[in-house]
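Just so you know, the sequences run in chain order A and B. Residue numbers 188 to 341, in my numbering, belong to the letters of the first sequence in order. Residue numbers 188 to 341, in my numbering, belong to the letters of the second sequence in order. Take a look at the structure set out below.
Number of protein chains: 2
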Amino acid sequence: MADNKEPSPAGEAWGLIVGLFFSSRPRFFQLAQEFDLAPMQLRALKELQPDREVPMSALASVLFCDASNVTGIVDRLEARGLIERRPSAEDRRVKMLRVTPEGERVRAQLVERMSEPPPAIAALSAADQRQLRDLLRKAQAAADAAAEPALSAR
Amino acid sequence: MADNKEPSPAGEAWGLIVGLFFSSRPRFFQLAQEFDLAPMQLRALKELQPDREVPMSALASVLFCDASNVTGIVDRLEARGLIERRPSAEDRRVKMLRVTPEGERVRAQLVERMSEPPPAIAALSAADQRQLRDLLRKAQAAADAAAEPALSAR
DNA sequence: TATTGTTATACTCTATAACTATA
DNA sequence: TATAGTTATAGAGTATAACAATA
């Protein structure tokens, strides 16, 4: 299953993360089925904070996909009554997205279920779990620090 | 962007892993585009060891998807001349998959590129990278240990 | 002119169900 | 009867390009 190469620690760690993610795919698909929502609809609903409105473009940004794509995803969530489009007050080209009360209810369950760690992580000792979390926090902080100057520079 | 909840270390670690994975999505799609292969084709080619033949069902298993799905993915890879189907000697229902020399060439580049860690991990110190790798190895070992008895028990 | 979101188009991924050929 | 793979079908995700409304 593994290649006969000697990867760097970072490379191996990344490989393990990818493997961890993919092995949890069936669980994710099953979750989507339970909620009767397609995978990307699940993720979109998770990203939308119940207490604030965001433009479609912001959703496209956090989902890392094209705006034309978001139109369809939002269409389906809106047809289900979980979110709604509202015209923006400042810019009439923009449409703001808002989670409906029903959507808020579904989303709460969803977020709860999606945050359950997979068996591999759950099996670690409490000390190892904290250490893993701390390292990942550090990694994210490093990535954020590297990304922000580029944004504020333009 | 974050919910106002206090997740467990394991839950937070899992959330960070998912975030890490999704933020590397554009990189992955760009890679697929460079190789002119669709995402799942990329993953399938990566999973197929150049030096051994595996049945279609084994590929379906590692990709965590349905056999009917694999038919299409294999069709497209075979049309590109990267892999080929061969009849199994033992069971004539089974078709074995084999990477072609051209596929082997492409796959080597692919594996090289896919194992490059994302910026967040690359930014960690060497010591932190090793620690992260060790924790993830431990997690995987724990998951494997938990999974195997269940298989041998039935 | 530039930007936001939509529509049209085309391709891939996804599963279910029905099918063929083997076992 | 059961299994490996295919085909048919239908829905969803994906990007590109052309478009309308607005800035």
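Quick reminder that beta carbons are idealized off the backbone N, C-alpha and C, glycines included. Note that the coordinates shown come from a computational prediction; the quantities given were computed from them, not determined experimentally.
Roughly how many angstroms lie between the CA atoms of residue i and residue j, to the nearest whole one?
i, j, result
"E221 (chain A)", "V293 (chain A)", "11 Å"
"V298 (chain B)", "D321 (chain B)", "22 Å"
"I270 (chain B)", "Q217 (chain A)", "31 Å"
"G198 (chain A)", "A200 (chain B)", "19 Å"
"L319 (chain A)", "P274 (chain B)", "46 Å"
"Q327 (chain A)", "S312 (chain A)", "22 Å"
"A333 (chain B)", "N256 (chain B)", "29 Å"
"V249 (chain B)", "F209 (chain A)", "9 Å"
"A254 (chain A)", "A314 (chain A)", "42 Å"
"A295 (chain B)", "M301 (chain B)", "10 Å"
"Q316 (chain B)", "E303 (chain A)", "25 Å"
"A225 (chain B)", "V205 (chain A)", "18 Å"
"T258 (chain B)", "D238 (chain A)", "45 Å"
"G202 (chain A)", "A330 (chain A)", "18 Å"
"I260 (chain B)", "M227 (chain B)", "7 Å"
"A219 (chain B)", "A247 (chain B)", "20 Å"
"S339 (chain B)", "P213 (chain A)", "A caution first: S339 (chain B) carries a pLDDT of 34, below 50, which makes its placement in the model unreliable, though a value can still be read off. When rounded, the distance between both Cα atoms is 21 Å."
"R272 (chain A)", "P196 (chain B)", "36 Å"
"P236 (chain A)", "K325 (chain A)", "The identity of residue 236 (chain A) in the sequence shown is Gln, whereas the question assumes Pro. For Q236 (chain A) and K325 (chain A), the distance between alpha carbons rounds to 25 Å."
"G268 (chain A)", "E291 (chain A)", "11 Å"
"F175 (chain B)", "E289 (chain A)", "Outside the displayed span of chain B (188 to 341) sits residue 175 (chain B), for which this structure offers no information."
"S211 (chain A)", "L323 (chain B)", "15 Å"
"D223 (chain B)", "F215 (chain B)", "12 Å"
"P194 (chain A)", "P194 (chain B)", "32 Å"
"L207 (chain B)", "L207 (chain A)", "12 Å"
Run down chain B in chain order and give the residues with a C-beta less than 8 Å from the C-beta of residue i.
i, result
"R320 (chain A)", "P196, A197, E199, A200, L203"
Counting only beta-carbon atoms, is residue i nearer than 7 Å to chain B?
i, result
"R279 (chain A)", "no"
"R212 (chain A)", "yes"
"F163 (chain A)", "Because chain A in this structure spans residues 188 to 341, residue 163 (chain A) falls outside the shown range and cannot be described."
"L311 (chain A)", "yes"
Taking DSSP as the reference, what is the three-state secondary structure of residue i?
i, result
"R300 (chain B)", "helix"
"R267 (chain B)", "coil"
"L284 (chain B)", "strand"
"R214 (chain B)", "helix"
"R239 (chain B)", "coil"
"R279 (chain B)", "coil"
"P194 (chain A)", "coil"
"P274 (chain A)", "strand"
"F208 (chain B)", "helix"
"S248 (chain B)", "helix"
"F222 (chain B)", "coil"
"A310 (chain B)", "coil"
"D321 (chain A)", "helix"
"D253 (chain B)", "coil"
"A200 (chain B)", "helix"
At 7 Å on the CB atoms, spell out the chain A contacts of residue i, in chain order.
i, result
"P306 (chain B)", "A330, A333"
"Q316 (chain B)", "P196, A197, A200"
"S302 (chain B)", "P194, G198, W201, G202"
Let me see if you follow: with CB-CB separation under 7 Å, is residue i close to chain A or not?
i, result
"L323 (chain B)", "yes"
"A326 (chain B)", "yes"
"A245 (chain B)", "no"
"P336 (chain B)", "Because the pLDDT of P336 (chain B) is 48, which lies under 50, any placement of that residue in the model is unreliable, and the number read from its coordinates should be weighed accordingly. Taking Cβ atoms only, chain A never reaches closer than 7 Å to P336 (chain B), which makes this a no."
"A189 (chain B)", "Unreliable placement is indicated for A189 (chain B), whose pLDDT of 48 sits below 50; the coordinate value is still reported in the next sentence. Judged by the 7 Å Cβ criterion, A189 (chain B) is not in contact with chain A."
Which chain B residues sit within Cβ distance under 7 Å of residue i?
i, result
"F251 (chain A)", "F209, R212, P213"
Q.
Would you call the segment 229-237 of chain B in contact with the segment 263-272 of chain B, where contact means no fewer than 3 C-beta pairs closer than 8 Å?
A. Under the 8 Å Cβ criterion, the segment 229-237 of chain B counts as touching the segment 263-272 of chain B, having at least three qualifying pairs.
Q) Taking contact to mean at least 3 C-beta pairs separated by less than 8 Å, is the segment 307-314 of chain A in contact with the segment 274-288 of chain A? A) Judged by Cβ distances under 8 Å, the segment 307-314 of chain A makes no contact with the segment 274-288 of chain A, as fewer than three pairs qualify.
**Q.** the segment 239-259 of chain A / the segment 284-293 of chain A touching (three or more Cβ pairs under 8 Å)
**A.** Touching, yes.
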